[in-house]
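Novice: Read top to bottom, the protein sequences are chains A and B. Under full-length UniProt numbering, the first residue of the first sequence carries the number 1, and numbering increases by one thereafter. Under full-length UniProt numbering, the first residue of the second sequence carries the number 1, and numbering increases by one thereafter. Note that the Cβ used here is the ideal one computed from N, Cα and C, for glycine as well.
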Amino acid sequence: MAYDGNHASRRSVLGAVGGAGAAALAGCLGGGDDIEYVRPIEIESFPVEEYESEVNVWNWYTDWVDWHTDEFQESYEGIDRVYSQAYSGPSEWYSRLEAGNDEIDNICATNEWVVRAMDNDYLEPLPVEQMEAWDVLDPLAREDAEEYYGRDGEVYAIPESIVMQPSLTYNTEYFSSPPDSWGVLWDEDLAGMMFMEDWPEVSCRIAALYTGQDPNDPDDFEEIEEVLMQQRDLNVTYWNEFSSAMEMFIDEEVVVGPLRDGRTWMAQFLNDAPIDYAVPEEGMMYTYDNFVIPTGAPNPRASAAWIEHGGQIPSRVQLFAEMGYVPPIENLEDELTEVVSEEEAAFADWLDPDELIFVEPLDEETLDRYDEIWTTVVAG
Amino acid sequence: MSTPTPDSGSTAGGVRQRSRQYLRQILDAFRDRPRARLLVLVGIPAFVLLLFFILPLAYMVWLSFHDGMPPASLTLENYLNVVTTDLYLRVVWRTTVLTVQTTALVVILGYTLAYSMARFSKRTTLLLLLVILPFWTNYIVRMYALINIFSRDGLLDWMQIVTGLAQDPSGIMYTHTAVLLGLTYVWLPLATLPFYASLTNMDDNLIEAAKDLGAGPIETFFTVTLPMTKNGVIGGIILVAIPTFGAFVTPTLLGGTDQLMIGMVIENQFTEAFNWPFGSALSVIVSAFVVLMLLVAVKFGASDVVTRRSDTQ
Chain A
1 MAYDGNHASR RSVLGAVGGA GAAALAGCLG GGDDIEYVRP IEIESFPVEE YESEVNVWNW
61 YTDWVDWHTD EFQESYEGID RVYSQAYSGP SEWYSRLEAG NDEIDNICAT NEWVVRAMDN
121 DYLEPLPVEQ MEAWDVLDPL AREDAEEYYG RDGEVYAIPE SIVMQPSLTY NTEYFSSPPD
181 SWGVLWDEDL AGMMFMEDWP EVSCRIAALY TGQDPNDPDD FEEIEEVLMQ QRDLNVTYWN
241 EFSSAMEMFI DEEVVVGPLR DGRTWMAQFL NDAPIDYAVP EEGMMYTYDN FVIPTGAPNP
301 RASAAWIEHG GQIPSRVQLF AEMGYVPPIE NLEDELTEVV SEEEAAFADW LDPDELIFVE
361 PLDEETLDRY DEIWTTVVAG
Chain B
1 MSTPTPDSGS TAGGVRQRSR QYLRQILDAF RDRPRARLLV LVGIPAFVLL LFFILPLAYM
61 VWLSFHDGMP PASLTLENYL NVVTTDLYLR VVWRTTVLTV QTTALVVILG YTLAYSMARF
121 SKRTTLLLLL VILPFWTNYI VRMYALINIF SRDGLLDWMQ IVTGLAQDPS GIMYTHTAVL
181 LGLTYVWLPL ATLPFYASLT NMDDNLIEAA KDLGAGPIET FFTVTLPMTK NGVIGGIILV
241 AIPTFGAFVT PTLLGGTDQL MIGMVIENQF TEAFNWPFGS ALSVIVSAFV VLMLLVAVKF
301 GASDVVTRRS DTQ
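#1: Hey, how far is the Cα of Asp102(A) from the Cα of Val82(A)?
#2: Determine the DSSP secondary structure at Val163(A), reduced to helix, strand or coil.
#3: What residues from chain A crowd round Val48(B), counting only those whose CB sits closer than 8 Å?
#4: Please report the distance separating the alpha-carbon of Thr366(A) from that of Pro169(B).
#5: Using 7 Å as the threshold, is the C-beta distance between Glu124(A) and Ile293(A) below it?
#6: Could you tell me if Phe72(A) is buried or exposed, where buried requires 16 or more neighbouring beta carbons within 10 angstroms of its beta carbon?
#7: Taking all protein chains shown into account, do 16 or more other C-beta atoms lie within 10 angstroms of the C-beta of Tyr238(A), making it buried, or fewer, making it exposed?
#8: Can you give the Cα-Cα distance for Trp265(A) and Leu228(A), rounded to whole angstroms?
#9: Any beta carbon of chain B sitting closer than 7 Å to that of Gly78(A)?
#10: What residues of chain B sit near Leu367(A), judged by a beta carbon separation below 9 Å?
#11: For Pro361(A), which residues of its own chain have a beta-carbon under 8 Å away from its beta-carbon, when the five flanking residues on both sides are left out?
#12: Tell me whether the region 273-285 of chain B and the region 221-232 of chain B touch, counting them as touching only if at least three CB pairs, one residue from each stretch, are closer than 8 Å.
#13: Taking 7 Å as the threshold (beta carbon to beta carbon), is Gly380(A) in contact with chain B?
#14: Residues of chain B with CB under 8 Å from Asp251(A), in chain order?
#15: With a threshold of 7 Å between beta carbons, is Tyr87(A) in contact with chain B?
#16: Taking only the alpha-carbon atoms, compute the straight-line gap between Tyr327(A) and Ala321(A) and give it to the nearest angstrom.
#17: What span of residues does the alpha helix (DSSP H) with Met143(B) cover, start to end?
#18: For Ala141(A), which of helix, strand or coil comes out of DSSP?
#19: How many Å lie between Arg316(A) and Gly324(A) at the Cα?
#20: Measure the alpha-carbon distance for Ile161(B) versus Pro134(B) and round it to whole angstroms.
#21: What residue range does the beta strand (DSSP E) around Glu54(A) cover?
#22: Quick test of the definition: if touching needs 3 or more C-beta pairs under 8 Å, does the region 118-138 of chain A touch the region 177-190 of chain A?
#23: What are the residues in the region 219-238 of chain A lying within 8 Å of chain B by C-beta distance?
#24: Quick check: the region 179-198 of chain B against the region 101-110 of chain B, are there 3 or more CB pairs under 8 Å?
#25: Give the straight-line distance between the Cα atoms of Thr175(B) and Ala346(A), rounded to the nearest whole angstrom.
#26: Label Gly100(A) either buried or exposed according to how many other C-beta atoms from any shown protein chain fall within 10 Å of its C-beta, with 16 as the threshold for buried.
#27: In angstroms, rounded to a whole number, what distance separates the CA positions of Pro141(A) and Met293(B)?
#28: Mind pulling the beta strand (DSSP E) runs of 3 or more residues that sit fully within the region 277-328 of chain A?
#29: Considering only C-alpha positions, which residue in the set Leu126(A), Asp63(A), Ala86(A), Ile107(A) is nearest to Val38(A)?
#30: How long is the line joining the alpha carbons of Arg232(A) and Trp186(A), rounded to whole angstroms?
#31: In chain B, which residues lie with their C-beta within 8 Å of the C-beta of Glu241(A)?
#32: Determine whether the Cβ of Asp187(A) lies closer than 7 Å to any Cβ atom of chain B.
#33: I'd like to confirm the pairing. Which residues does DSSP put opposite Cys108(A) in its beta bridges?
#34: Report all residues from its chain with a CB closer than 7 Å to the CB of Asp371(A); omit the five preceding and five following residues, and keep chain order.
#35: In the structure shown, what three-state DSSP assignment does Asn171(A) receive?
#36: Can you confirm whether the region 273-284 of chain A touches the region 160-171 of chain A when touching is taken to mean that 3 or more C-beta pairs between the two stretches lie within less than 8 Å?
Below, the structure written as structure tokens:
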């Protein structure tokens with residue numbers, strides 16, 4: 001029931017209302033350039049020499065998009081307009097792809113939505129062999145992308161950021177040491193001081209980890225439901241909107257709960273809130289937000305150029321500097337300390353493969369069961 | 001731009017005259033052919049209604065009888081799942097309770113507001129403007145405003161401390177009260193307007209007559225004013241109850257762990273669980289509830305409202 005986007009700020013969610021008009025306008029105007037239409041996969045080299053004069057981007061890293069737009073237009077002369085839209089939930093852009101896209105050129109898409117779109121032929125394969133945005137990726141990210149976003153030797157998405165889904169965020173003043181287990185969310189002494197995320201996949205996966213099961217393929221759904229029912233009354237709320245959840249940590253309405261690393265970073269470094277993330281012994285789940293080009297994109301070359309430019313190290317590092325979301329690149333710490341303090345750069349230390357569990361797209365049966373369990377839990 | 005000549009003037013006049021003739025011929029043709037007139041006047045809106053309302057609704061009903069996205073086999077399982085699973089019945093019951101509470105609160109507040117505007121105020125235009133004002137603001141923006149008011153250390157807490165009502169309030173966010181107040185706030189203007197319209201359309205002489213016959217203010221209200229404005233009240237109830245029953249944004253943003261409404265379950269089926277057939281079945285049930293509400297309203301005398309006729313007729 002994730003109503004709001006993972007990373008869109010409150011400002012951006014509200015801005016999306018106005019942005020829709022601009023994006024619609026872009027759809028009407030897009031693709032009018034007098035150059036031959038090519039599919040992105042047919043682009044032979046980067047930087048692209050010939051490209052359309054505009055690009056319509058749907059990306060919820062709004063602060064970064066503002067920064068990148070200026071840099072992009074400076075590097076690519078002749079890009080007159082970059083229409084950007086911050087969406088509040090992936091279903092917004094997905095429904096447009098279902099209806100037959102002819103306006104969106106570029107999307108920042110989360111893991112499961114990439115797979116869903118790919119399975120329905122809504123995405124263009126990308127010429128990753130030619131792209132520096134692909135070469136700079138950490139091997140882990142590249143392997144994950146090839147495995148989950150690849151079909152028949154083609155890759156359909158390039159990771160833009162690696163995201164904890166979710167982070168185990170806690171108040172550093174309340175806890176003398178970081179909680180070492182997801183079990184902290186079942187600690188009755190913390191009743192009324194925690195929350196859970198109102199998203200079946202996330203909450204059920206946490207419960208799976210807590211009960212020692214594989215969150216991607218659990219074998220005892222009854223146990224997951226049982227522990228979530230036990231946990232139910234300990235919560236202040238089941239949060240559904242990322243900005244409000246972050247505010248609850250800042251206002252110290254809660255001291256522990258699942259969030260996202262970027263939101264934790266923003267609260268810690270932009271709002272001076274005494275919070276941090278913990279690395280639970282059961283493992284840390286992670287996912288990616290990805291650059292993709294939908295089929296029907298009216299400005300495919302400009303869109304590919306946007307990915308190539310945004311996927312290079314200076315742009316990726318800037319995403320961390322602006323919003324705290326970690327770029328999945330090699331030599332991460334060295335790159336980050338070029339633009340942020342050592343303390344801020346240390347925030348990205350969570351990328352230890354031994355403790356990471358990729359949030360794999362769920363099969364239909366598991367998705368249904370998680371949904372049933374969560375509806376039962378929330379209905380009380 | 002060329003200067004008009006006498007010839008060009010007469011040419012323009014001729015064009016105008018020919019246009020008038022064509023128009024007159026078309027109108028005459030329609031006058032002589034009532035079926036063609038009916039086709040144009042009713043056919044176009046009926047076609048739009050069919051295309052953008054009836055067909056999507058029919059598709060939703062059709063989808064609700066499948067066990068997956070078409071082409072999939074037909075089944076009644078989605079409906080059986082709703083009516084035989086205690087969980088969904090509980091959610092529907094909870095939704096109904098919240099809908100009744102919200103509607104009752106809106107009727108009491110809205111009617112009082114409309115009554116005071118119609119009877120006691122001279123600045124009705126300004127007051128009406130203030131009632132309508134929230135509609136000019138985006139729904140989500142209004143919800144965030146409420147979050148700031150209801151949160152711990154928010155405006156509500158501050159007012160309680162200042163007035164001495166509470167020493168250490170902790171906000172009402174994530175509670176049933178927050179959802180109830182949120183829904184009431186959102187739908188109050190929608191009900192106030194029909195209340196106000198029915199009150200201003202009422203003949204004041206009836207009230208005077210009741211008083212002359214010895215009725216007190218309360219008796220006059222319950223025997224004259226309220227029955228005479230019944231249609232407006234039922235119209236307001238319909239306008240509030242229907243959207244409240246399907247609400248999902250307000251309970252999602254303001255509610256806590258106990259505020260699951262049927263609209264939230266439906267939204268989840270379409271956007272997260274991707275079980276569109278089951279979401280469609282739930283939607284059909286909600287739609288059936290709406291139709292039932294309209295039928296009940298017609299039975300209890302709101303036929304004028306439903307058919308959009310004035311109270312005074």
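Specialist: Let's see:
#1: Here the question's residue 102(A) lines up with position 102 in the first sequence. Here the question's residue 82(A) lines up with position 82 in the first sequence. Distance between the alpha carbons of Asp102(A) and Val82(A): 16 Å.
#2: Reading the first sequence from its first residue, position 163 is the one you call residue 163(A). Note: Val163(A) maps to strand in three-state DSSP.
#3: Residue mapping note: residue 48(B) aligns to position 48 of the second sequence, counting from 1. None at all; the shortest Cβ gap to chain A is about 19 Å.
#4: Numbered from its first residue, the first sequence carries residue 366(A) at position 366. Numbered from its first residue, the second sequence carries residue 169(B) at position 169. In a straight line, the C-alpha of Thr366(A) is about 42 Å away from that of Pro169(B).
#5: Residue mapping note: residue 124(A) aligns to position 124 of the first sequence, counting from 1. Residue mapping note: residue 293(A) aligns to position 293 of the first sequence, counting from 1. In this structure, Ile293(A) lies closer than 7 Å to Glu124(A) by Cβ.
#6: The residue given as residue 72(A) occupies position 72 in the first sequence. It is buried - the Cβ of Phe72(A) has at least 16 other Cβ atoms within 10 Å.
#7: To locate residue 238(A), count along the first sequence from 1; it is residue 238. Classification of Tyr238(A): buried, given that the 10 Å Cβ count is 16 or more.
#8: Against the first sequence, residue 265(A) aligns to sequence position 265. Against the first sequence, residue 228(A) aligns to sequence position 228. Those two C-alpha atoms are separated by around 27 Å.
#9: The residue given as residue 78(A) occupies position 78 in the first sequence. Not an interface residue.
#10: Residue mapping note: residue 367(A) aligns to position 367 of the first sequence, counting from 1. Near Leu367(A) (Cβ distances below 9 Å), the residues of chain B are Glu272, Ala273, Phe274, Asn275.
#11: The count along the first sequence starts at 1 and reaches residue 361(A) at position 361. These residues qualify, in order along the chain: Asn111, Glu112, Val115, Arg116, Tyr148.
#12: no
#13: Working through the first sequence from its first residue, we reach residue 380(A) at position 380. Yes, Gly380(A) lies at the interface with chain B (some Cβ there is under 7 Å from its Cβ).
#14: The sequence position of residue 251(A) within the first sequence is 251, counting from 1. Near Asp251(A) (Cβ distances below 8 Å), the residues of chain B are Ser151, Arg152, Asp153.
#15: Against the first sequence, residue 87(A) aligns to sequence position 87. False, the Cβ-Cβ gap to chain B never drops below 7 Å.
#16: Along the first sequence, one-based indexing puts residue 327(A) at 327. Along the first sequence, one-based indexing puts residue 321(A) at 321. The sequence given here places Pro at residue 327(A); Tyr does not occur at that position. So the alpha carbons of these two residues sit roughly 10 Å apart.
#17: Numbered from its first residue, the second sequence carries residue 143(B) at position 143. Run containing Met143(B): 139-150, per the alpha helix (DSSP H) assignment.
#18: Translated into positions along the first sequence, residue 141(A) becomes position 141. Note: Ala141(A) maps to helix in three-state DSSP.
#19: In the first sequence, counting from the first residue as 1, residue 316(A) sits at position 316. In the first sequence, counting from the first residue as 1, residue 324(A) sits at position 324. Approximately 11 Å, taken between the alpha carbons.
#20: Counting from 1 along the second sequence, the entry for residue 161(B) is found at position 161. Counting from 1 along the second sequence, the entry for residue 134(B) is found at position 134. Distance between the alpha carbons of Ile161(B) and Pro134(B) is about 27 Å.
#21: By one-based count along the first sequence, residue 54(A) stands at place 54. Residues 54-58.
#22: no
#23: Arg232, Asp233, Asn235, Val236, Thr237, Tyr238
#24: yes
#25: Counted from its first residue, the second sequence places residue 175(B) at position 175. Counted from its first residue, the first sequence places residue 346(A) at position 346. Distance between the alpha carbons of Thr175(B) and Ala346(A): 38 Å.
#26: Here residue 100(A) is taken as the residue at index 100 of the first sequence, counted from 1. When all chains shown are included, Gly100(A) counts as exposed.
#27: What you label residue 141(A) is simply residue 141 of the first sequence in a count that begins at 1. What you label residue 293(B) is simply residue 293 of the second sequence in a count that begins at 1. Per the sequence presented here, residue 141(A) reads as Ala, with Pro not at that position. One C-alpha to the other measures close to 54 Å.
#28: 284-292
#29: Along the first sequence, one-based indexing puts residue 38(A) at 38. The candidate whose alpha carbon is nearest that of Val38(A) is Leu126(A).
#30: Indexing the first sequence from 1 puts residue 232(A) at position 232. Indexing the first sequence from 1 puts residue 186(A) at position 186. In a straight line, the C-alpha of Arg232(A) is about 9 Å away from that of Trp186(A).
#31: What you label residue 241(A) is simply residue 241 of the first sequence in a count that begins at 1. Under the 8 Å cutoff, chain B gives Thr252, Leu253.
#32: As a first step, residue 187(A) must be located in the first sequence, where it is residue number 187. Not one chain B Cβ lies under 7 Å of Asp187(A).
#33: In the first sequence, residue 108(A) corresponds to position 108, counting from 1. Looking at the DSSP assignment, Cys108(A) forms a beta bridge with Phe291(A).
#34: Position 371 of the first sequence, counting from 1, holds the residue named residue 371(A). Closer than 7 Å at the Cβ level, and outside the excluded window around Asp371(A), lie Pro200.
#35: Residue numbering aside, residue 171(A) sits at position 171 when the first sequence is read from its first letter. Strand, per DSSP.
#36: yes
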